[in-house]
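Novice:
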Amino acid sequence: MSESPVLLNKHEVERLLTYDDLIPRLESVMGKFSKRDSSEIIQPVRSVVPIQQHSGFLGVMPAYLANEGILCTKIVTFYQRAEGSSLPSTQATVLLFHPEHGHVTAIMDGEAITAKRTAAVSAISAKLFKPALSEVLCILGSGQQARSHYDVFTKLFKFKEVRVWSRRKEMAQRFVNDLQDPVTVCSSVKEAVIGADVIVTATGASQPILFGEWVKPGAHIAAVGACRPDWRELDDVLMREAVVYVDSREGATAESGDIILSGAEVFAELGEVLNGSFPARREKTTVFKSLGMGIQDAVSAKLVLEKWNSEH
Ligand SMILES: NC(=O)C1=CN([C@@H]2O[C@H](COP(=O)(O)OP(=O)(O)OC[C@H]3O[C@@H](n4cnc5c(N)ncnc54)[C@H](O)[C@@H]3O)[C@@H](O)[C@H]2O)C=CC1
Ligand SMILES: O=C(O)C1=NCCCC1
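Heads up, the sequence shown is in the working numbering, so the first residue is 18 and it goes up one at a time.
1. Within 8 Å: the Cβ of Cys15 and any heavy atom of ligand 2?
2. In whole angstroms, what is the alpha-carbon distance linking Trp248 and Asp264?
3. Any heavy atom of ligand 1 closer than 8 Å to the beta-carbon of Ser64?
4. Of all the alpha helix (DSSP H) runs that stay within the bounds of the stretch 197–271, which reach a length of 4 or more residues?
5. Pick helix, strand or coil for Pro281, following the three-state DSSP scheme.
6. What is the DSSP secondary structure of Phe146, reduced to helix, strand or coil?
7. Count the other CB atoms within 10 Å of the CB of Ala315; is the residue buried (16 or more) or exposed (fewer)?
8. Examine ligand 2 and report whether any of its heavy atoms sits within less than 8 Å of the Cβ of Asp314.
9. Under 9 Å between the Cβ atoms of Ala281 and Arg257?
10. Rounded C-beta distance between Gly235 and Glu300? I'm assuming under 8 Å.
11. From the DSSP secondary-structure annotation, give me the bridge partner or partners of Pro182.
12. Using the rule of at least 16 other Cβ atoms within 10 Å of the residue's Cβ for burial, across every protein chain shown, is Val202 buried or exposed?
13. So what does DSSP say about Met188, is it helix, strand or coil?
14. Give the range of the alpha helix (DSSP H) segment to which Val46 is assigned.
15. If I measure Cβ to Cβ from Val290 and keep anything under 6 Å in the same chain, skipping five residues before and after, which residues do I get?
16. By Cβ distance below 6 Å, which residues in the same chain neighbour Lys147 in space, the five residues on each side in sequence not counted?
17. Can you tell me whether Ser279 is buried or exposed? The criterion is at least 16 other CB atoms within 10 Å of its CB, across all chains shown.
18. With a CB to CB cut of under 7 Å and the five nearest residues on each side skipped, what residues in its chain are close to Leu39?
19. Sort Thr35, Ser19 and Leu82 by Cα distance to Ser55 and report the nearest one.
20. In chain order, what residues of the same chain lie with their CB nearer than 8 Å to the CB of Gly242, ignoring the 5 residues before and after it?
21. Taking the C-alpha atoms as reference points, what is the distance between Glu100 and Arg185?
22. Would you kindly work out how many angstroms separate the C-alpha atoms of Gln108 and Thr131, rounded to a whole number?
23. Quick one: residues in its chain with C-beta nearer than 7 Å to the C-beta of Gly73, no 5 flanking neighbours on either side, listed in chain order?
24. Give every residue of the same chain whose Cβ lies closer than 6 Å to the Cβ of Phe114, excluding the five residues on either side of it in the sequence, and list them in chain order.
25. Which term fits Glu230, buried or exposed, when burial requires 16 or more other beta carbons within 10 angstroms of its beta carbon?
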């Protein structure tokens, strides 16, 4: 009979999952994914069930990494929350299975994994695509993703100025109050992004909030929100003028309103740059359109379990 699964709460997952360990694993798995070798990695596009009555969605994100012995699925819900709601808009649980026998080996919180792996992947995009001289970081949004992006971007890169904008200025102020280093609170998106070298969009917006005319030529944008085919964060001008990278071509074609509705061409997957099949066009304005992938959750969860096992 199989042993009971390890149960890990958000606090434990947060403690065990460090960016230093996570980033190389994400780089490796995304590079492999983009080779499309189905004997090594299987990851279908996420299944999404709309919960129309409540402005929410349930997503199921399975992945099998044969050579690494990882069989995993994340189950995630995401909601468009009313202004001022104290409920998290993204909640998730990750299950790891024994690939040979099929039983569940671990059940862990997926909120911390989602926050950290998404920010780590955006940071990988910034390593590859941000201008050589990047002095100003701008974050649009002040929620969970905004915070994890702030943490990893300021850990990996040195900026002279960090700016934040949020729909309600007091939310941006609250975000800043939790930090040790100075961050400028901006009153409008335009004010926040003018002159910025790196821009993170991490909002629940369903209409464009970031317009190409405001973006400094050569800037890098990590676009994390707008994960539905009819949602946007970025306008047509920006999408059509930038060199667009995605995490998965299939995911982007199925789920990204910014890509589908603008008609923008996808230049390459992040993994195709990581594995050397496509160049990083750092000299151009670049957009990395992130939607999130089951393989990212899978390597994160495996890392968490390995660390936990090493302590017990
Ligand atoms: N690409 C990926 O892998 C992932 C993407 N996401 C997406 O990232 C976005 C942020 O997620 P969380 O930080 O977890 O959410 P959150 O609820 O913690 O933060 C959302 C932020 O967006 C702002 N916002 C909401 N509606 C807005 C609107 N109409 N216009 C402008 N700002 C608005 C809120 O004020 C808040 O600052 C969501 O769209 C979520 O679905 C979340 C997880 C993974
Ligand atoms: O990858 C994920 O996890 C999510 N992506 C977009 C919506 C929320 C969760």
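All residues carry an ideal CB built from backbone N, CA and C; glycine is no exception.
Specialist: Put simply:
1. Residue 15 lies beyond the range of the chain shown here (18 to 329); nothing can be said about it.
2. 17 Å
3. no
4. 206–210 and 253–258
5. This sequence places Ala at residue 281; Pro is not what is there. Here Ala281 sits in coil by DSSP.
6. helix
7. Around the Cβ of Ala315, a 10 Å sphere holds 16 or more other Cβ atoms; the residue is buried.
8. yes
9. yes
10. 7 Å
11. In the sequence on display, residue 182 carries Trp and not Pro. Answer is Leu157, bridged to Trp182.
12. buried
13. helix
14. Run containing Val46: Tyr36 to Phe50, per the alpha helix (DSSP H) assignment.
15. Leu145 and Ala297
16. Val215 and His237
17. buried
18. Here the set comprises Lys133, Arg134, Ala137, Ser317 and Leu320.
19. Leu82
20. Gly158, Gln162, Thr218, Ala219, Thr220, Gly221, Ala222, Trp248 and Glu250
21. 9 Å
22. 9 Å
23. Non-local beta-carbon contacts of Gly73 in its own chain, meaning distances under 7 Å to residues more than five positions away in sequence, involve Thr94, Phe95 and Tyr96 in chain order.
24. Leu88 and Val121
25. Classification for Glu230: exposed.
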